[in-house]
Amino acid sequence: MTGVTSVASLTPWHRSVLGTVVLYLHFVRLAFLKFLAYRLRYYTGVVSYTIFVTGHYYLYGALFASRVVEHGSMEGGNLIGGLTLTEMITYVAVSWIGRSFYFNNIHRDLSSMIEEGGISLQLIKPYHVQDVMMFEAVGESGFRLVMFSLPIMVVVVPLFDISGPPDSMLYLWTFLSFCLALVIYSQINFLLGCLAFHMKNIQGVLRAKMVAFDFLTGVILPFTFFPEWFQTIVAWLPFQGISYVPVTIYLGKRAGSDLVWALLIQLAWSVGLYLAGRLVWFISVRRVTVQGG
Amino acid sequence: MSTTEIWRRGYPGEFRRQVRIFGFYFAQFVKMRLAYRMDFFIDTLAVSFSSLVQLVILATLFSKVEALRGWSFPQVLFIYGFSLVPLGLFNLTSINLYRFSDKFIIQGKFDRVLLRPLNTLAQVMFESFNVSGFNEIFLGLGIMIFAGMKLQLTWGVEDVLALLILAPSASLVFTGVFLGITSVSFWHEDRMGLAPPVYNVIRFSRYPITIFGAPVRFFMTFVLPFAWVAFYPATWFIGSPEFSRWAFLTPLVGGIVFGGAVLIWRRGVANYASTGS
Numbered sequence: 001m002t003g004v005t006s007v008a009s010l011t012p013w014h015r016s017v018l019g020t021v022v023l024y025l026h027f028v029r030l031a032f033l034k035f036l037a038y039r040l041r042y043y044t045g046v047v048s049y050t051i052f053v054t055g056h057y058y059l060y061g062a063l064f065a066s067r068v069v070e071h072g073s074m075e076g077g078n079l080i081g082g083l084t085l086t087e088m089i090t091y092v093a094v095s096w097i098g099r100s101f102y103f104n105n106i107h108r109d110l111s112s113m114i115e116e117g118g119i120s121l122q123l124i125k126p127y128h129v130q131d132v133m134m135f136e137a138v139g140e141s142g143f144r145l146v147m148f149s150l151p152i153m154v155v156v157v158p159l160f161d162i163s164g165p166p167d168s169m170l171y172l173w174t175f176l177s178f179c180l181a182l183v184i185y186s187q188i189n190f191l192l193g194c195l196a197f198h199m200k201n202i203q204g205v206l207r208a209k210m211v212a213f214d215f216l217t218g219v220i221l222p223f224t225f226f227p228e229w230f231q232t233i234v235a236w237l238p239f240q241g242i243s244y245v246p247v248t249i250y251l252g253k254r255a256g257s258d259l260v261w262a263l264l265i266q267l268a269w270s271v272g273l274y275l276a277g278r279l280v281w282f283i284s285v286r287r288v289t290v291q292g293g
Numbered sequence: 294m295s296t297t298e299i300w301r302r303g304y305p306g307e308f309r310r311q312v313r314i315f316g317f318y319f320a321q322f323v324k325m326r327l328a329y330r331m332d333f334f335i336d337t338l339a340v341s342f343s344s345l346v347q348l349v350i351l352a353t354l355f356s357k358v359e360a361l362r363g364w365s366f367p368q369v370l371f372i373y374g375f376s377l378v379p380l381g382l383f384n385l386t387s388i389n390l391y392r393f394s395d396k397f398i399i400q401g402k403f404d405r406v407l408l409r410p411l412n413t414l415a416q417v418m419f420e421s422f423n424v425s426g427f428n429e430i431f432l433g434l435g436i437m438i439f440a441g442m443k444l445q446l447t448w449g450v451e452d453v454l455a456l457l458i459l460a461p462s463a464s465l466v467f468t469g470v471f472l473g474i475t476s477v478s479f480w481h482e483d484r485m486g487l488a489p490p491v492y493n494v495i496r497f498s499r500y501p502i503t504i505f506g507a508p509v510r511f512f513m514t515f516v517l518p519f520a521w522v523a524f525y526p527a528t529w530f531i532g533s534p535e536f537s538r539w540a541f542l543t544p545l546v547g548g549i550v551f552g553g554a555v556l557i558w559r560r561g562v563a564n565y566a567s568t569g570s
C-alpha cells in the first residue's frame, strides 16, 4: 500500500525565486528583440514626434506673442500658467520625449488577445499575464529609449534650443520619475485591456483613451493652464504621474520635499494600480469563454 | 474589376451591380451592429468625449488671449467645427484602412478579397463602417452653426452648396493620405504601420495656418496636405481675404491625393503575395 502511494504522488510543481526572475527577464529581452523587427514605425515616429513638438512650438509661440500684444510684457503678461515661453517649449519637448519612452499598447494587445481567444493559451502557462505584459513593456521601453527617445532628443533639443534642468541632478530624478510613469501607464493600460472581458467591442473606449490620456496626463497643456478646481481633481488622479510630474521635476518646479513627495505619490499609484490590476484580472478571468481557442 | 463582367454588362451596368452589392454590405453591417447596441452607445459617448476634450483645449487657449495671431475664438471654433465634418466622413469608411495590414495582409484575409469579382478597394473600405463618424459630422455642423452665430454669418444657398462640395473633397484628402499609408503595408508588413503618427498630425490641421512658421505652412500645404482638410476650405465661410480664394482648390487637392493613393493601392495589389494562411 505505502509503496503504491509513493509512486503515484507527484512532486508539487515548484519554481525558485531566481527562476521566476530569470523567466520574467526573458520577456524583457524578447520584447526588445520583437520591436527590433518593427523598426519602420520608429523611423517615421522620430519624424512625427518632431512634427508634434514643432506644431506646439508654433502654437505656444503664437499664444505667448498674442498675450504680450494684449497685456504688455510687464506684470506677468509674458507668463501663462506660471510658465515663460522658454519653459513652455521645454515642457512640450520633455513631455513628448517622455511619451516616446513610456508609450505602449498593452490595452490593445490584451483586448485583441481576449477577443480572438489567444488568451486561453496564456492562461495555461505557468506565469501571470499581468507580469509578463509589464516586463514586456519594460523591454519595449528599453528599445524605445535607444531607438526612439534618443534620436528624438538629438533632433529636437538643438532644433528648439531646449535647455537642461536648473540642476543636473534633476536629469536623474526626471528619468526615475519617467520609469515610474512607465509602470503607471502600463498598469492603466492593463486595466483598460481587461475591459474586453466585459465588453464585446472596446474600440470606442480605446479611441477616447487616446485623446483623454494626452489631456489628463498633461502632455498637451500643463495643468496650471486650467482653473483651480480642475487642478484639484487631477491632483487626485493617477494620470498626473505619467507626464505632468516628471516634466515639472525637469523644469525644477519641484524642489526638496516636494520632489520626494511627487516621487512617492507616483510610487504609491504604481503599487496601487498593480494591485487593482491583479484584483480585476482575478475577477474577470472567470468570465472567459473561448470557442475552441 | 473583372474583365469578363465588364464585357458582359458594360461599365455603367457593372458600376450599378457593384453599388447594389455594397448596399448589401452596408445592410449586413447595420444588422451586425444592432446585435451589440451597448457598444454602439459607448462608441458614441467616446467620440463625443474626444471632441469635448478638443473643445476644452481650444477654450482654455482662448481663455488666455482674445485672439491668436489675429484669429478670434469663434473663427478658430468654426474651423474646428468644419474639420469634424470631413473627419467624420473619413472615419465612416476608414476603419478597415487603419487595421488593414493586421487584418488583411498578416491574417491573409486579402486572398478572399481577390477572389471576388468586385473592386478590391471598395471591398476593403465598405466591409466595415464606423458609425460614430455620424456623430462627428453632426457635432461639427452644430459647432459651425454656433460659431457662425457668434460671427454673425448668414447662411445662403451658396454656402450650403459650398459645404456639400468642400467637406467631401476635404475628406478625400484624409482618405487619400491614409490610403497611401495603408498601401505601404503591401510591401512592409509592420502591424501598426505609419498611420498612428500621421493621425497625430491631424490635430494641427484645425488651427489657422498663419500661426505656424513658413516650413510648417509649406509642409501642411504641399507635403502632408492637412491644411486642406479644414483651414483652407473653412476660410471660405469665415471670409478671410487672404485665403478664401484658395478654398475651391480643395476638390483638386482631394482628387490628386486620393487619385495618387489609388495608384499606389493598385501597384500594391499587383505586388501582393499571400502569407498562405
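Chains A and B are the protein sequences, given in the same order. At position 28 of the first sequence the residue is numbered 28 (our numbering), and the sequence of numbers has no breaks. Our numbering runs 293 ahead of the 1-based position in the second sequence. No residue lacks a Cβ here, since even glycine has one placed at the ideal position from N, Cα and C. For clarity, every value in this text was computed on a predicted model and none was experimentally measured.
| said: Counting only Cβ pairs nearer than 8 Å, list the residues of chain B close to residue 215 of chain A. | reply: Against the first sequence, residue 215 of chain A aligns to sequence position 215. The contacting residues are 346, 349, 350.
| request: Just grab the DSSP bridge partners of residue 80 of chain A for me. | output: For the purposes of this step, residue 80 of chain A is identified with residue 80 of the first sequence, where counting begins at 1. In the DSSP output, where bridge partners are listed per residue, residue 80 of chain A has A/83.
| residue 131 of chain A versus residue 96 of chain A: straight-line alpha-carbon distance, rounded | In the first sequence, residue 131 of chain A corresponds to position 131, counting from 1. In the first sequence, residue 96 of chain A corresponds to position 96, counting from 1. About 26 Å.
| For residue 148 of chain A versus residue 100 of chain A, is the C-beta spacing smaller than 9 Å? | Translated into positions along the first sequence, residue 148 of chain A becomes position 148. Translated into positions along the first sequence, residue 100 of chain A becomes position 100. The criterion of a C-beta distance shorter than 9 Å is satisfied by residue 148 of chain A and residue 100 of chain A.
| request: Following the continuous alpha helix (DSSP H) through residue 468 of chain B, name the residue where it begins and the one where it ends. | output: Locating residue 468 of chain B in the second sequence gives position 175, counting from the first residue. Under the DSSP assignment, residue 468 of chain B falls in the alpha helix (DSSP H) whose first and last residues are 450-476.
| query | Considering residue 415 of chain B, what are the terminal residues of the alpha helix (DSSP H) in which it resides? | reply | Within the second sequence, numbered from 1, the residue matching residue 415 of chain B stands at position 122. Residues 413-419.
| request: Using a Cβ-Cβ cut-off of 9 Å, state whether residue 140 of chain A counts as contacting chain B. | output: As a first step, residue 140 of chain A is located in the first sequence; it is residue number 140 there, counting from the start. Not closer than 9 Å to any Cβ of chain B, the Cβ of residue 140 of chain A fails to qualify, so no.
| request: Report buried or exposed for residue 523 of chain B, applying the criterion of at least 16 other Cβ atoms within 10 angstroms of its Cβ. | output: By 1-based counting over the second sequence, the position of residue 523 of chain B is 230. Looking at its Cβ environment, which holds 16 or more other Cβ atoms inside 10 Å, residue 523 of chain B is buried.
| said: Please report the straight-line C-alpha distance between residue 308 of chain A and residue 560 of chain B, rounded to a whole angstrom. | reply: Nothing can be reported for residue 308 of chain A, as the shown portion of chain A is limited to 1 through 293.
| Alpha-carbon spacing of residue 18 of chain A relative to residue 136 of chain A, whole angstroms | Taking the first sequence and counting its residues from 1, one reaches residue 18 of chain A at position 18. Taking the first sequence and counting its residues from 1, one reaches residue 136 of chain A at position 136. Going by the C-alpha atoms only, they are around 18 Å apart.
| request: May I ask you to list, following chain order, the residues of the segment 353-379 of chain B that have a beta carbon less than 7 Å from some beta carbon of chain A? | output: Against chain A - using a Cβ distance shorter than 7 Å - the residues of the segment 353-379 of chain B are 353, 354, 357, 358, 359, 360, 361, 362.
| said: On a Cα-Cα basis, can you pick out the residue from A/11, A/272, A/256, A/57 that is closest to residue 169 of chain A? | reply: The residue given as residue 169 of chain A occupies position 169 in the first sequence. That would be A/256, whose Cα lies nearest to the Cα of residue 169 of chain A.
| said: At the level of alpha carbons, what is the spacing between residue 542 of chain B and residue 479 of chain B? | reply: Taking the second sequence and counting its residues from 1, one reaches residue 542 of chain B at position 249. Taking the second sequence and counting its residues from 1, one reaches residue 479 of chain B at position 186. In a straight line, the C-alpha of residue 542 of chain B is about 31 Å away from that of residue 479 of chain B.
| said: Does the segment 43-63 of chain A come into contact with the segment 494-508 of chain B, if we say contact requires no fewer than three beta-carbon pairs (one atom in each stretch) closer than 8 Å? | reply: Counting C-beta pairs with one atom in each stretch, the segment 43-63 of chain A and the segment 494-508 of chain B have three or more that are closer than 8 Å, which means they touch.
| task | Taking C-beta pairs closer than 7 Å, name the residues in chain A that residue 425 of chain B reaches, listed in chain order. | result | Here residue 425 of chain B corresponds to residue number 132 of the second sequence, with the count starting at 1. Those are 204, listed as they occur along chain A.
| Of the residues B/327, B/339, B/354, which one's Cα is nearest the Cα of residue 369 of chain B? | Position 76 of the second sequence, counted from the first residue, corresponds to residue 369 of chain B. Nearest C-alpha to residue 369 of chain B: B/354.
| request: Establish whether the CB of residue 220 of chain A and some CB of chain B are separated by less than 9 Å. | output: Within the first sequence, residue 220 of chain A is the residue found at index 220, counting from 1. Taking Cβ atoms only, chain B reaches closer than 9 Å to residue 220 of chain A, which makes this a yes.
| field | Interface flag, residue 294 of chain B vs chain A, CB-CB below 9 Å | value | Looking up residue 294 of chain B in the second sequence gives position 1. Note that residue 294 of chain B scores a pLDDT of 48, beneath 50, so its modelled location is shaky; the value from the coordinates is reported in the next line. Not an interface residue.
| query | With residue 116 of chain A and residue 359 of chain B assumed to form a contact (beta carbons below 8 Å), what rounded beta-carbon distance in angstroms separates them? | reply | The sequence position of residue 116 of chain A within the first sequence is 116, counting from 1. The sequence position of residue 359 of chain B within the second sequence is 66, counting from 1. In fact, because the Cβ distance is near 52 Å, the residues do not count as touching under 8 Å.
| query | From A/93, A/104, A/230, pick the residue whose C-alpha is nearest to that of residue 209 of chain A; which is it? | reply | For this step, residue 209 of chain A is matched to residue 209 along the first sequence. The residue among A/93, A/104, A/230 with its C-alpha nearest the C-alpha of residue 209 of chain A is A/104.
| message | What would DSSP say about residue 173 of chain A, mapped onto helix, strand or coil? | response | By 1-based counting over the first sequence, the position of residue 173 of chain A is 173. Looking at residue 173 of chain A - three-state DSSP - the assignment turns out to be helix.
| message | Quick check: what's the CA-CA separation for residue 519 of chain B versus residue 207 of chain A? | response | Start at 1 with the first residue of the second sequence, and residue 519 of chain B comes out as number 226. Start at 1 with the first residue of the first sequence, and residue 207 of chain A comes out as number 207. Each residue's alpha carbon lies about 21 Å from the other.
| Per-residue burial, residue 379 of chain B [other beta carbons within 10 Å of its own, 16 or more giving buried] | Counted from its first residue, the second sequence places residue 379 of chain B at position 86. Burial call: buried.
| field | Within chain B, partners of residue 304 of chain A - CB distance below 8 Å | value | Nothing can be reported for residue 304 of chain A, as the shown portion of chain A is limited to 1 through 293.
| query | Would a C-beta distance cut-off of 9 Å place residue 468 of chain B and residue 413 of chain B closer than the cut-off? | reply | If you number the second sequence from 1, residue 468 of chain B lands on position 175. If you number the second sequence from 1, residue 413 of chain B lands on position 120. Not in contact: residue 468 of chain B and residue 413 of chain B (Cβ atoms no closer than 9 Å).
| task | Consult DSSP for residue 361 of chain B and reduce its assignment to one of helix, strand or coil. | result | Counting from one through the second sequence, the residue named residue 361 of chain B turns up at place 68. In the structure shown, residue 361 of chain B sits in a strand (DSSP, three-state: E or B).
| query | Counting contacts by CB-CB distance shorter than 9 Å, is residue 335 of chain B in contact with chain A? | reply | Numbered from 1 along the second sequence, position 42 holds the residue referred to as residue 335 of chain B. Yes, its Cβ sits closer than 9 Å to a Cβ of chain A.
| request: Give the range of the alpha helix (DSSP H) segment to which residue 435 of chain B is assigned. | output: Here residue 435 of chain B refers to the residue found at position 142 when the second sequence is read from its first residue. It spans 425-443 - the alpha helix (DSSP H) in which residue 435 of chain B sits, taken as one unbroken run.
| task | Pick out whichever of A/127, A/191, A/86 has its Cα sitting closest to the Cα of residue 109 of chain A. | result | The residue labelled residue 109 of chain A in the question sits at position 109 within the first sequence. The shortest CA-to-CA distance from residue 109 of chain A to any of A/127, A/191, A/86 is the one to A/191.
| request: Decide yes or no for the touch test of the segment 535-552 of chain B against the segment 398-406 of chain B: beta carbon pairs closer than 8 Å, at least 3 of them. | output: Pairwise C-beta distances place the segment 535-552 of chain B out of contact with the segment 398-406 of chain B, as fewer than three of them are shorter than 8 Å.
| said: Under 7 Å, CB to CB, which of the residues in the segment 497-509 of chain B have a partner in chain A? | reply: Within the segment 497-509 of chain B, the residues whose Cβ lies closer than 7 Å to some Cβ of chain A are 497, 500, 504, 505, 506, 509, listed in chain order.
| residue 134 of chain A, DSSP secondary structure in three states | The residue given as residue 134 of chain A occupies position 134 in the first sequence. The three-state reading of DSSP puts residue 134 of chain A in helix, counting H, G and I together.
| said: Short of 7 Å Cβ to Cβ, which residues in the segment 111-127 of chain A face chain B? | reply: Listed by position, the residues of the segment 111-127 of chain A near chain B (Cβ gap below 7 Å) amount to none.
| message | Helix, strand or coil, according to DSSP, for residue 546 of chain B in the structure here? | response | Within the second sequence, residue 546 of chain B is the residue found at index 253, counting from 1. Helix at residue 546 of chain B.
| field | Terminal residues of the alpha helix (DSSP H) in which residue 207 of chain A lies | value | Taking the first sequence and counting its residues from 1, the one referred to as residue 207 of chain A is at position 207. Element bounds for residue 207 of chain A: 203-216.
| residue 188 of chain A versus residue 121 of chain A - alpha carbon distance | Taking the first sequence and counting its residues from 1, the one referred to as residue 188 of chain A is at position 188. Taking the first sequence and counting its residues from 1, the one referred to as residue 121 of chain A is at position 121. One C-alpha to the other measures close to 23 Å.
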